[in-house]
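Trainee: All residue numbers for the sequence shown refer to our numbering, where the first residue is 442 and numbers rise by one. For glycine and all other residues, C-beta sits at the position ideal for the given N, C-alpha and C.
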Amino acid sequence: MFSAPASNATAPAADINRDMRPALEAANLWLGLADVNRAQQSWQQAAPVFQRAISAQDWASSLESARSPLGKVKSRKTHDAVFTRSLPGQPDGEYVVIQYDTVFENKAEAQEMVTMVFGIDGRWRVAGYLVR
């Protein structure tokens, strides 16, 4: 599954005053698109770094092959969210790495990781997604 940029986030300088709710809300909306296999829409709403790393067509194939065997989402709970200003291989910026504990129809214990980046347009967008 596509995961650029993802991190096993040991965030160097977490900003305790940073409100992560907008990033979490944006991630949840985006995951809702992925949950119903709206690959084109999820790709369009992703960050430019995501779009440069994978074409819309390749994203649709990756999403289908990764999520189809898992079945529908039965539940999803935020496990952790970490704000950081740097990720390996990425320019400094504002990132939130969110880890979810997810239950799918065909996989009782899965982890999803969504990396959000704050864009120049003032919006949080998905920069990476991984399910395992």
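From the DSSP output, which residues share a beta bridge with Q552?
Mentor: Answer by DSSP bridge pairing, in chain order: D542.
Trainee: Flag this pair as touching only if the stretch 514 to 527 and the stretch 542 to 559 have three or more C-beta atom pairs under 8 angstroms; answer yes or no.
Mentor: The answer is yes - the stretch 542 to 559 touches the stretch 514 to 527, with three or more Cβ pairs under 8 angstroms.
Trainee: As a quick exercise: from Y536, Y570, A568 and G512, pick the residue whose alpha carbon is nearest that of E550.
Mentor: Comparing Cα-Cα distances from E550 to each of Y536, Y570, A568 and G512, the minimum goes to G512.
Trainee: What residues match up with V558 in a beta bridge as DSSP calls it?
Mentor: Paired residues: Y536 and R566.
Trainee: If we ignore side chains and look at the alpha-carbon of each, how far apart do A522 and Q492 end up?
Mentor: Whole-angstrom Cα-Cα distance: 23 angstroms.
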